[in-house]
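Enquirer:
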Amino acid sequence: MSILYGILKFLHWPLWNWYLYGYPAGLWIMYFVDAIIEVVLVFAVAMLVVVILVYVFRKYMADIQNRIGPNRLGPWGSLQLIADVFKLIQKQDIIPKNADRIAFRVAPYIIFTPVILGMLVIPFGNASILQLMVVNFKYTLLFLVAAMVISPLGEVIGGLSSHNKFALYGALRSAAQDIGYEVPMMISVLSLIILAGSYSINDIVNAQKHIPFVIPEILGFIVFFLAMIAKQSIPPFDLPESGSELVSGFSTEYSGMRYGIIYMGNFGFMALASVVVATLYFGGPVGPFFNSVLWIAVKSAVFMIIFLLSWIALGRVRVDQFLNMGWKYLLPISILNLLISSLIAIYFGGAF
Amino acid sequence: MQDERGPGPLTGIAGIIKGVWYMFIQGFKPKVTKQVPEEKLEYGHRTTGRVFLNMDACIGCTLCEQICPNGTIRMMTWAYQKSPEFEKKYPNKRQIYPSVDVAICTHCNLCEEICPTGAITLEAEVEEWHMRRENTRYTPPMLNKKENELWGENR
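In order, the protein sequences belong to chains A and B. Going by the working numbering, the first sequence wraps up at 356, each residue one higher than the last. Going by the working numbering, the second sequence wraps up at 255, each residue one higher than the last.
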């Protein structure tokens, strides 16, 4: 809520002087309007990133597979996604006869929710005196983690409610996968909190002024990165969707724009995950020579490319292999990382 | 006892990184495939394409029908009034002219070689598909025209 607030403060607009029964009513009105405008702004930015990401993904995948890719609409086919969205809107919205209708309808939005919620608390750097961060409070990291946990819930709900055995299997796999990677992910986040001494993402970014956290916490970074890949359910960890085993996993029964929302939610979560990794482990807007929003864009773009590459290049692991990896390797590694970071915090705590 | 375990996890991680790196490079290599052009390509001048018929020079000798290996050419009665000088030089009293089914023509060039008056030529003009099946059999006056004159520029 700081962007517009800062602009108004900069322009000396006395909006907060409307006193109503002793309370500044203008302040509350302005907070309200601010909240709406900035959430819409973040939503627009997220959608823009999703559009670019989908285009790059399709074109790059086509390059790798020796195809042409989208080439009809707009310059080099860049408007193909918009045409696809219109096609999906026109399509019939089929809901299975015995499906749980309310849950079936709500699930795609639950999958899409963390994209907006997570983007709200990311510090995108400073533009002169403005801080490009919508919400800032003491426990933003907890809020971020809680928001990111929502999206697998949508997968489970969608799979269970659509009355289809493939979707059911997809939902069960999604649930199993979630508990597989989320505990190690939380523990590696915990070690970040120990190092930075704060729950606020802003403080975590400020703590990486000299050394990014990837250097003391390389193990935690590996765990967190794998967990992020697993959370997007892209290959090699696309167990909930697994195209060749279950038909399309939890999204088997979805069609039309509901499937489009799931698809955009996946890509939006890819954008969110890359931004989160860039923020927590690579310092986000804090860079070597200058601090700018440019740094977080470059860093997250690199991670988006890596996610896309892992989608394109790698095969799928089995369920038991994934659970083995989660419980037998990632969890001990993350606990080891927690010990290491505790030692660093005790002996070299001043470095951060 | 020999240890029969497979390759360890480090080998696997190295393999994964190698594979991802190869894929990454593959995206920047020049493509093997090419975009199919939107426009029709020009045929080379030596292409043995569709049968063209000069009706004025045809004498209705049916040699082309006899030499044709798969019945592409069939003679067809067609009322056509030649100009007097051609009527005198190349008389066609039975009023029969070759008709060609372009769908089964193999472009073997035999009819052009056998034709005594040079009425039949094979020129670089090919149409591979038609909207209606009846359209593939070309009547004698159609054989004198180019494809664009027959069917229009953009069908």
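Think of the CB as a built atom: it goes at the ideal place given N, C-alpha and C, for glycine as much as any other residue. Since the structure is predicted, the reported quantities are computational estimates derived from the model, not experimental observations.
Any residues in the stretch 163 to 192 of chain B with a beta carbon nearer than 7 Å to a beta carbon of chain A? Which ones, in chain order?
Expert: So the list is empty, because no residue satisfies the distance condition.
Enquirer: Whether or not the stretch 284 to 302 of chain A and the stretch 324 to 344 of chain A are in contact is what I'm after, with contact meaning three or more pairs of Cβ atoms, one per stretch, closer than 8 Å; do they touch?
Expert: No: fewer than three Cβ pairs fall under 8 Å.
Enquirer: Beta-carbon within less than 6 Å of L121(A)'s beta-carbon, same chain only, minus the 5 sequence neighbours each way: which residues are those?
Expert: Only A151 meet the Cβ criterion.
Enquirer: Step through the CB atoms of chain A and report whether any lies within less than 8 Å of the CB of K51(B).
Expert: Because chain B is modelled from 101 through 255, residue 51(B) falls outside the range shown and cannot be assessed.
Enquirer: Does V200(B) have its Cβ less than 8 Å from a Cβ in chain A?
Expert: False, the Cβ-Cβ gap to chain A never drops below 8 Å.
Enquirer: Tell me where the alpha helix (DSSP H) around R109(A) begins and ends.
Expert: Where R109(A) is concerned, the enclosing alpha helix (DSSP H) stretches over 105 to 124.
Enquirer: With a threshold of 8 Å between beta carbons, is R322(A) in contact with chain B?
Expert: Chain B, which has no Cβ nearer than 8 Å to the Cβ of R322(A), makes this no.
Enquirer: What separation, rounded to the nearest whole angstrom, lies between the Cα atoms of T272(B) and P240(B)?
Expert: With chain B represented from 101 up to 255, any question about residue 272(B) goes unanswered, as that position is not in the structure.
Enquirer: Here's the rule: buried if 16 or more other CB atoms are within 10 angstroms of the residue's CB, otherwise exposed. What is S183(B)?
Expert: Flag for S183(B) reads exposed.
Enquirer: In three-state terms, what does DSSP make of F90(A)?
Expert: If DSSP states are grouped into helix, strand and coil, F90(A) belongs with the helices.
Enquirer: Can you check whether the C-beta of I116(B) is within less than 8 Å of a C-beta belonging to chain A?
Expert: Yes, I116(B) counts as interfacial toward chain A.
Enquirer: Residues of chain B with a CB under 8 Å from the CB of R71(A): which are they?
Expert: Near R71(A) (Cβ distances below 8 Å), the residues of chain B are T133.
Enquirer: Whose C-alpha, out of R174(B), H207(B), V120(B), is nearest the C-alpha of R146(B)?
Expert: That would be H207(B), whose Cα lies nearest to the Cα of R146(B).
Enquirer: Specify whether the stretch 252 to 270 of chain A and the stretch 110 to 118 of chain A touch according to this definition: at least 3 beta carbon pairs, one from each stretch, less than 8 Å apart.
Expert: With a cut-off of 8 Å, the stretch 110 to 118 of chain A and the stretch 252 to 270 of chain A count as touching, because enough Cβ pairs lie within range.
Enquirer: Between the stretch 173 to 183 of chain B and the stretch 123 to 143 of chain B, are three or more C-beta pairs nearer than 8 Å?
Expert: No: fewer than three Cβ pairs fall under 8 Å.
Enquirer: Just list the alpha helix (DSSP H) runs in the stretch 150 to 194 of chain A, keeping only unbroken ones of 4 residues or longer that don't cross its boundaries, in chain order.
Expert: As far as the stretch 150 to 194 of chain A is concerned, its whole alpha helix (DSSP H) runs of at least 4 residues are 154 to 165.
Enquirer: Have a look at N341(A) and L136(A) and give me their C-alpha separation to the nearest angstrom.
Expert: Taking the straight line from one Cα to the other gives about 31 Å.
Enquirer: Does the beta-carbon distance from A103(A) to S202(A) come in below 8 Å?
Expert: In this structure, S202(A) does not lie closer than 8 Å to A103(A) by Cβ.
Enquirer: Would V226(B) count as contacting chain A if we go by Cβ distances under 8 Å?
Expert: It does not: the Cβ of V226(B) has no partner Cβ on chain A nearer than 8 Å.
Enquirer: Can you give the Cα-Cα distance for E245(A) and F254(A), rounded to whole angstroms?
Expert: Each residue's alpha carbon lies about 6 Å from the other.
Enquirer: Quick check on the DSSP output: the alpha helix (DSSP H) that includes M274(A) runs from which residue to which?
Expert: From DSSP, the alpha helix (DSSP H) with M274(A) extends over 260 to 286.
Enquirer: What residues of chain B sit near L313(A), judged by a beta carbon separation below 7 Å?
Expert: By Cβ distance, chain B contributes V120, M123, F124.
Enquirer: Please indicate yes or no: does the CB of S183(B) lie closer than 7 Å to some heavy atom of the ligand NAD?
Expert: Ligands in the displayed structure: none, and consequently the ligand NAD is not present.
Enquirer: Could you give the distance in angstroms between the alpha-carbon of A277(A) and the alpha-carbon of M232(A)?
Expert: Roughly 6 Å between the two C-alpha positions.
Enquirer: Rounded to a whole number of angstroms, what is the C-alpha to C-alpha distance between G291(A) and K213(A)?
Expert: If I take the Cα positions, the gap works out to 8 Å.
Enquirer: Using a 10 Å radius around the Cβ and a threshold of 16 neighbouring Cβ atoms, would you call F293(A) buried or exposed?
Expert: Label assigned to F293(A): exposed.
Enquirer: Since M308(A) contacts M329(A) with CB under 8 Å, what's their CB separation in whole angstroms?
Expert: About 23 Å; that fails the 8 Å criterion.
Enquirer: Just the C-alpha distance for F286(A) and F217(A), rounded to the nearest angstrom, thanks.
Expert: The alpha-carbon atoms of F286(A) and F217(A) are separated by roughly 6 Å.
Enquirer: Opposite V49(A) in the DSSP bridges: which residues?
Expert: Answer is none; V49(A) lacks a bridge partner.
Enquirer: By the criterion of Cβ-Cβ separation under 8 Å, what are the contact partners of L334(A) in chain B?
Expert: Those do not exist, as L334(A) stays about 13 Å from chain B at its closest Cβ, beyond 8 Å.
Enquirer: From V44(A), I72(A), V55(A), P220(A), pick the residue whose C-alpha is nearest to that of V136(B); which is it?
Expert: It is I72(A).
Enquirer: At a CB-CB cut-off below 7 Å, which residues of chain A make contact with G127(B)?
Expert: Simply Y64, D67, I68.
Enquirer: At a Cβ threshold of 8 Å, is L318(A) touching chain B?
Expert: Answer yes: the Cβ-Cβ gap between L318(A) and chain B drops below 8 Å somewhere.
Enquirer: Can you give me the Cβ contacts of I93(A) inside the same chain, cut-off strictly under 6 Å, excluding the 5 residues immediately before and after it?
Expert: Same-chain partners within the cutoff: M261.
Enquirer: Indicate whether C211(B) and I173(B) have their beta-carbon atoms separated by less than 8 Å.
Expert: Taking 8 Å as the Cβ cut-off, C211(B) and I173(B) qualify as a contacting pair.
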